[in-house]
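Numbering (this note's numbering), first residue to last: 31 to 437.
We put the beta carbon where it would ideally sit given N, CA and C, even for glycine.
Here it is in structure tokens:
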């Protein structure tokens, strides 16, 4: 299947750009290759998922042999979001298939095309009938039916906390297994010894990649007050230089928002930020052209503002000052979310201290990028339950059984 996706990469990238509005180049160099890598990685696990033997003392004078086995959890209902439908479909399909589960994939109603193409490729490469089923439709209808179906043993969902909580409520009485990734309001902590020349382009990327429609977007830019003016000026300059436009134009660096509803949401938050007194440093307007385009937007504000507390899911960042390492950590943790954080510093000891103190599932130090299939991915607090990817994501699609034999 990974090899089939490789052969079909250009088509998948074009479908992703059509559906989501992200630049074709972004889909081709990021989303689709990451999906392919995920399938390759977990294909290598298909014959390596096993248990352990456990030495035990004799029982009533007789020796014992005890071992564990990992068995497929059963049928996985996988519900994917519209911001990265190809990549996140791979996150849910690959580990589940590797351990022997069947998957019913419910793609996002706004971006179903790549999931339907993957279903065609699944059939072409010879997976047994019924191993992978794709169920397009509205979340309130098809998604709700999938979650409520008694034949589904586990639900894996990426989306909003509100929908995640409803899924947990429905699945709870039967104690069905859950993996929920529910977004974030991720901080970037910029300390005085950070290399601004190196970090500013990456910090801007974490704000504006995929038009800010990224769960791990570093939208709260916490910066030491000694470097605040430099960071504000640098981010504003970079935001103003981004080319926004047609996803199929090679010159485009940032594409459209996914739909009108998302456009209105983002512009609504921009208005709230202005109303609460945040200083607009860059952007803040809808671009006057056909499509749902918003300028890359940077505010200066504080951690109590709505734009710094709620997930906007658009190209909007807020620069927030701090005066000490302790205050930076407090501000970073002062959120309902706990998905990721970025630490920018030249001090190895500070990097370790802050990484240990941050209540998140993933900490980058002096960098930012997409999740790697070799590492677990997930968050704390409102950002979700459980992990995808890595060994933890593989095991999340299994049940562990213990067998003890008195010899």
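Per DSSP, which residues does residue i bridge with? Please list them.
i	result
residue 233	For residue 233, which the question treats as bridged, DSSP gives no partner whatsoever.
residue 374	220
residue 117	None, per the DSSP bridge assignment.
residue 197	Note: residue 197 sits in no beta bridge, so no partner.
residue 274	284
residue 407	418
residue 136	109
residue 336	Answer is none; residue 336 lacks a bridge partner.
residue 69	DSSP, once it has assigned bridges, lists no residue as partnering residue 69.
residue 346	327
residue 319	Per DSSP, none; premise fails for residue 319.
residue 254	352
residue 207	184
residue 94	436
residue 83	97
residue 394	372
residue 163	134
residue 88	For residue 88, which the question treats as bridged, DSSP gives no partner whatsoever.
residue 123	Paired residues: none, contrary to the question.
residue 309	330
residue 102	428
Using only alpha-carbon positions, find the residue among the options that is nearest to residue i.
i	options	result
residue 165	226, 138, 43, 385	138
residue 167	285, 136, 437	136
residue 322	291, 426, 144	291
residue 229	405, 424, 394	394
residue 319	327, 299, 286	286
residue 298	235, 282, 58, 315	315
residue 363	388, 134, 151	388
residue 31	58, 156, 178, 189	156
residue 77	89, 35, 129	129
residue 50	83, 35, 82, 140	140
residue 179	279, 134, 158, 194	134
residue 196	183, 181, 173, 160	173
residue 169	142, 403, 181, 146	142
residue 200	184, 89, 215	184
residue 280	34, 260, 58	58
residue 259	272, 194, 352	352
residue 193	177, 419, 69, 337	177
residue 437	341, 44, 86	86
residue 232	182, 190, 396, 159	396
residue 191	182, 154, 215, 205	215
Would you say residue i and residue j are within 9 Å of each other, going by their C-beta atoms?
i	j	result
residue 212	residue 162	no
residue 132	residue 171	no
residue 376	residue 417	no
residue 112	residue 288	yes
residue 148	residue 42	yes
residue 339	residue 365	yes
residue 324	residue 302	no
residue 175	residue 401	no
residue 428	residue 37	no
residue 47	residue 277	yes
residue 374	residue 266	no
residue 430	residue 81	yes
residue 236	residue 349	no
residue 403	residue 72	yes
residue 69	residue 123	yes
Does any C-beta atom of chain C lie closer than 9 Å to the C-beta of residue i?
i	result
residue 254	Judged by its chain identifiers, the structure shown contains no chain C, having just a single protein chain.
Rounded to whole angstroms, how far is the Cβ of residue i from the Cβ of residue j, which I believe are closer than 8 Å?
i	j	result
residue 262	residue 311	6 Å
residue 97	residue 421	Residue 97 to residue 421, Cβ: 19 Å. No contact.
residue 103	residue 257	At roughly 48 Å, the Cβ-Cβ gap does not stay under 8 Å, so residue 103 and residue 257 are not in contact.
residue 115	residue 144	5 Å
residue 248	residue 398	6 Å
residue 367	residue 408	12 Å between Cβ atoms; not a contact.
residue 284	residue 274	5 Å
residue 79	residue 405	With a Cβ gap of about 18 Å, residue 79 and residue 405 do not count as contacting.
residue 34	residue 151	4 Å
Evaluate contact between the region 410-423 and the region 202-220, counting only Cβ atoms and requiring at least three cross-stretch pairs below 8 Å.
Touching, per the Cβ criterion.
Check whether the region 329-349 and the region 301-308 are in contact - that is, three or more C-beta pairs closer than 8 Å.
Touching, yes.
How do the region 340-357 and the region 239-247 stand: do at least 3 beta-carbon pairs fall below 8 Å, yes or no?
yes
Quick check: the region 62-75 against the region 113-124, are there 3 or more CB pairs under 8 Å?
yes
So does the region 92-100 actually touch the region 50-58, counting three or more Cβ pairs closer than 8 Å?
no
Taking contact to mean at least 3 C-beta pairs separated by less than 8 Å, is the region 249-265 in contact with the region 352-365?
The region 352-365 and the region 249-265 touch, with three or more beta-carbon pairs separated by less than 8 Å.
Are the region 374-389 and the region 216-234 touching by the rule of at least three beta carbon pairs closer than 8 Å?
yes
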